[in-house]
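Residue numbers (the numbering used here), protein chains in the order written: chain Y, 66 to 437; chain C, -16 to 307; chain F, 91 to 620.
Listed below in structure tokens is the structure:
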């Protein structure tokens, strides 16, 4: 019963509070920059220019955004069932494995129009499978999903090293990578796709999986708020006893929500493997799974918010790289710090300013609960 | 035969060294979780402490000053966790994740700004580290079969923090089960309203538990960078905080069983190092990655099966709200 | 067995002794809710003083203020004449106030001794404190007839004994004023009688007792003075000997109570629910329902009476498909449930069953849902609300509007969050959802708990209307008046078994009370269970 009797307008919770939290996180990051002897405003200028100032930079920003949309949605769907999926990193990794296996098997036989849906399906299936085991253990054995998904991140990392070092490595090569896929299996880059329509764009890793990310936003929105399965997920998340009362089986819902979550995280593999690297390699997930937690919290577990938060983090990642190039004392780790601060302020400390802000904007005279 | 015995003793010796930070972090988690605070941020507190200890030891040349700095940073992070979870009723897991990510970035950033070595601290000379303490008569007694080997290899020759870690186990047990603070600690994790109605501050008690947690995590972090290794490296905790948490759950939130779980994981780690590249009869060489993943796999398997009935403190993870 | 109102015993104390508790102008707000408004109260030392009021009248808030649990917004508090500023429970304990909450403040895995000393350990080490406490407690137990095994684990003790632990806890801290909040809600009449004997023993040794309850009979039985609360205000202070049940009831409710619901004789039709030899064991291995057989026919209301915790809740949950059964058989309008073929709540609904759960916020609603979402809970898979993949939001909204106006839910806002409705309106949302589908069988648990008096009448009339329309109704309530005024037949449960059946018209309070304690009287039309 966190809901107060009188209601503040919805935009306070949806827009104002996330903005206040973000401002705080950025302000503290600025103080940290100041304390290591650099000028935060200069840093901010480099950051913004790097992220949005030129087409190539924008392309990189949107390329990162794509990954964050996938992992952010993944965290959000699980959150709706009150599950904390910290395993996005591992699920993305294994999703990429699925994409890679499909591409390695069929790259010279299948046309691109068949390859893409197959790769998407493989990413979803592999990601979902990696989430299924912790989900099953939570639902049937009561093993805490936070711990098991963390363990599965480590297990996924070990598995990928094993496969790439011992099985999938290109013969006669030292670095643990698979062979490159045939170019016919590459997901077109955005500059290529725009080129078909005669629009020129600077080269960047941004590829068509960005469009799939946008589609996923719409699909997740419809799934959560406009299907009976989404309703059941939200019921289990809102009140598990009520779910059982309604004849909803929490065990099934937990497994469903985690599999959808894992599938979404797996799509990172489509962007990275089929869209950018065109081969299987190590560590392509690069912490995107963890950033998804910040994205989901910042975006208040809603697809629109997640899209905006992803854009923010995409800009931070790309702008941070530019910043590190311009000011060597500041590395990309600054972005990790900001990410931690965002999770802290919009997640762990979300109630710190909320009562004051809500009171400030609360309308009087709404329905009042009567019980003392 | 003699050689096999020595080999097993040496493996156990390595087990102690690997298990030390796990034991300390596990006990740290015990204080937090028994008071009702989920602490997934053991990893971050260890990492922050490892950096602070190594940095201060490198600058001051004193391992002890490093230890104090490590504990200080760890307590600060523990109090931040408390501020989010106790004062502002935030989600405990989210707060822990935030602390882990924050320290992962901050240690490297500050490290680069401070030492310009890509996030590493300078290698520590022996004087700025906790080094092995050889017990009296270790060499003289080494000749005695069995006992001599055990005495020299297993008991003697560790740094002081190893002994601290294993002495912290009975001390924790005594505090939790035999003192007023322990009684209240156990009560507040089970039924905070009962503690409040008895006229004791729930928040005050939980903050004190977080300070205990911070001290122990701080020692664990200092051990990593100034005892086990000679300096700080990026992400040097490498998931040990999570393993310590798993060991705590494994030990059903009790000091001695949690220590045993830490020893088991440490043993696996030690044995993995020895099995690397070894051709076993019938099986052949076990892939390194498999051995590396074994503690994680084992944790999942055990979580799923053996400790299905481990009952967490009842009020764990629930914010305590007195007034609506 | 007869309980007498005891005369005040403090005549020797003299008029000069200051009152044990004196409140003047105490106010407390929760947000915009004025839970306590300008409360004044005097409790004479060495007496048993009752405070009576409906659920939600502000009694518990007032006592929490007196115990330092909540802080009053304004007002003056004096204990034995000393003005007090109660900033924490520690202040209240220091002033000699002890409190026994409705929900016990006991740590289940601790022993009795550990629970009693918590907060008063007598030093940083446990050993010496525990030994001293053991001696002191043995003395207290003997003085007041409060026998408890000090080394028993509290979680394994029956509630009546847990309550004694709570009283011991307060006395051990030197309480001179003991406040008890609804202490008899979970007790059998016999346990209640024993508790009242303890009260009198305490009073005779000079302890002042404040009894908070909504049960008029208890006030009449054990108190010397009574204060009545209504809607957050004190409306009367009376001497118990000079008042009557009827007067108290009227003061408490504020107008004449409609004790009997108008209804015609039932016209039972065919059997809708048939339960044979049903047993249910909970996850701790305790048998909660033990060989229960019953049947409910179309067009009748069957009430299940009993002290809370005697298996009624579990029986209801099993019938609704929420808890699995271990033995026996349930037949509901053509559907069958056995331990080998369990059914979930969705399957039970498909047989034609609807269920108003005992605790609406815990089970019947999702607080964070908009009203329109809560109003399809359990029926969200209905084809009327769904296409092949997507739901039909406009149908759901229209359906919710229709139900809200038919059941007069206020405010009539389908997108308001469920948690923002008052208790009575939340209950109406549940009732509308479950009744509007004209089920063959309606299971109802505590339909008027925490509901304001106007809504109670509405709910009772709706249930009678359902019956008259041919629905079979199974009603579980711990409110005897509710059971008696609504039921055509009454079954009494005790320790998981049905101990007897009484026709609704013939049931007297005394017969039911005895049966609820497990005693089946020979007279008064009791039929032994089949």
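Note that CB positions come from ideal geometry on N, CA and C, so glycine has one too.
Here the structure is a predicted model, which means the values were calculated and not measured.
In terms of alpha-carbon separation, which member of the options lies closest to residue i?
i, options, result
"residue 155(C)", "63(C), 268(C) and 10(C)", "10(C)"
"residue 353(Y)", "121(Y), 223(Y), 129(Y) and 196(Y)", "129(Y)"
"residue 339(F)", "538(F), 309(F) and 113(F)", "309(F)"
"residue 281(C)", "382(Y), 216(Y) and 97(Y)", "216(Y)"
"residue 210(F)", "227(F), 199(F), 600(F) and 198(F)", "227(F)"
"residue 257(Y)", "268(Y), 248(Y), 249(Y) and 250(Y)", "268(Y)"
"residue 566(F)", "560(F), 558(F), 576(F) and 559(F)", "576(F)"
"residue 56(C)", "82(C), 151(C) and 68(C)", "82(C)"
"residue 348(Y)", "259(Y), 392(Y), 91(Y) and 223(Y)", "223(Y)"
"residue 149(F)", "530(F), 335(F), 192(F) and 236(F)", "192(F)"
"residue 388(Y)", "111(Y), 378(Y), 422(Y) and 210(Y)", "111(Y)"
"residue 75(C)", "125(C), 101(C) and 16(C)", "16(C)"
Please list, in chain order, the chain F residues whose beta carbon lies closer than 9 Å to that of residue i.
i, result
"residue 19(C)", "Under the 9 Å cutoff, chain F gives no residues; its nearest Cβ is about 12 Å from residue 19(C)."
Run the CB neighbour count on residue i, radius 10 Å, all protein chains shown included, and call it buried at 16 or more, exposed below.
i, result
"residue 127(C)", "exposed"
"residue 420(Y)", "exposed"
"residue 445(F)", "buried"
"residue 196(F)", "buried"
"residue 346(F)", "Only weak support exists for where residue 346(F) lies, its pLDDT of 47 falling under 50; the coordinates are left without a value."
"residue 213(Y)", "buried"
"residue 135(Y)", "buried"
"residue 25(C)", "buried"
"residue 439(F)", "buried"
"residue 425(Y)", "exposed"
"residue 616(F)", "Low local confidence applies: a pLDDT of 49 at residue 616(F) is under 50, so the model's placement there is unreliable, with the coordinate-based value given in what follows. The residue in question, residue 616(F), is buried, as its Cβ has 16 or more Cβ neighbours within 10 Å."
"residue 152(C)", "buried"
"residue 246(F)", "exposed"
"residue 104(Y)", "exposed"
"residue 32(C)", "buried"
"residue 372(F)", "exposed"
"residue 118(F)", "buried"
"residue 253(F)", "buried"
"residue 259(C)", "exposed"
"residue 547(F)", "exposed"
I want to verify the contact list: residues of chain F whose CB lies under 7 Å from the CB of residue i, in sequence order.
i, result
"residue 287(Y)", "480"
In chain C, which residues lie less than 7 Å from residue i when you measure between Cβ atoms?
i, result
"residue 204(F)", "166"
"residue 216(F)", "161, 162, 163 and 166"
"residue 386(Y)", "Per Cβ cutoff of 7 Å: no residues; residue 386(Y) is ~15 Å from chain C at best."
"residue 415(Y)", "73"
Since residue i meets chain D, which of its residues come closer than 8 Å, beta carbon to beta carbon?
i, result
"residue 270(C)", "Absent from the structure is chain D; the protein chains it does hold are Y, C and F."
Along chain Y, which residues have their Cβ under 9 Å away from the Cβ of residue i?
i, result
"residue 476(F)", "292 and 293"
If residue i and residue j are in contact, beta carbons under 8 Å, what's the gap, nearest whole angstrom?
i, j, result
"residue 556(F)", "residue 532(F)", "6 Å"
"residue 116(F)", "residue 165(F)", "3 Å"
"residue 310(Y)", "residue 408(F)", "With a Cβ gap of about 13 Å, residue 310(Y) and residue 408(F) do not count as contacting."
"residue 71(C)", "residue 22(C)", "That belief does not hold up - the Cβ atoms of residue 71(C) and residue 22(C) are roughly 16 Å apart, past 8 Å."
"residue 451(F)", "residue 516(F)", "7 Å"
Kindly list, in the order they appear in chain C, the residues whose Cβ is closer than 8 Å to that of residue i.
i, result
"residue 234(Y)", "Under the 8 Å cutoff, chain C gives no residues; its nearest Cβ is about 13 Å from residue 234(Y)."
Check the Cβ of residue i against every Cβ in chain Y and list those closer than 7 Å, keeping chain order.
i, result
"residue 275(C)", "223"
Short-range partners of chain F found in the region 291 to 323 of chain Y, where Cβ spacing is below 8 Å: 291, 292, 293, 296, 297, 299, 300, 303, 304, 306, 307, 309, 310, 311, 312, 313 and 314
Contact residues within the region 438 to 459 of chain F, judged by C-beta distance below 8 Å to chain Y: 438, 439, 445, 447, 451, 452, 453, 454, 455, 456, 457, 458 and 459
Scan the region 555 to 570 of chain F for residues whose Cβ lies nearer than 8 Å to a Cβ of chain C and list them as they occur along the chain. none
Chain C contacts made by the region 323 to 337 of chain Y, where a contact means CB separation under 8 Å: none
Mind listing which residues of the region 179 to 206 of chain F have their C-beta closer than 9 Å to chain C's C-betas, in chain order? 179, 180, 181, 182, 183, 184, 189, 191, 193, 194, 195, 196, 197, 198, 199, 200, 204 and 205
If you measure beta-carbon to beta-carbon, which residues of the region 211 to 237 of chain F are closer than 9 Å to chain C? 211, 212, 213, 214, 215, 216, 217 and 219
Mind checking the region 268 to 295 of chain F against chain Y and listing, in chain order, the residues whose C-beta falls within less than 9 Å of any C-beta there? none
Along the region 390 to 410 of chain Y, where does the CB come closer than 7 Å to a CB of chain C? Name the residues. 394, 396, 398, 399, 401, 402, 404, 405, 406, 408 and 409
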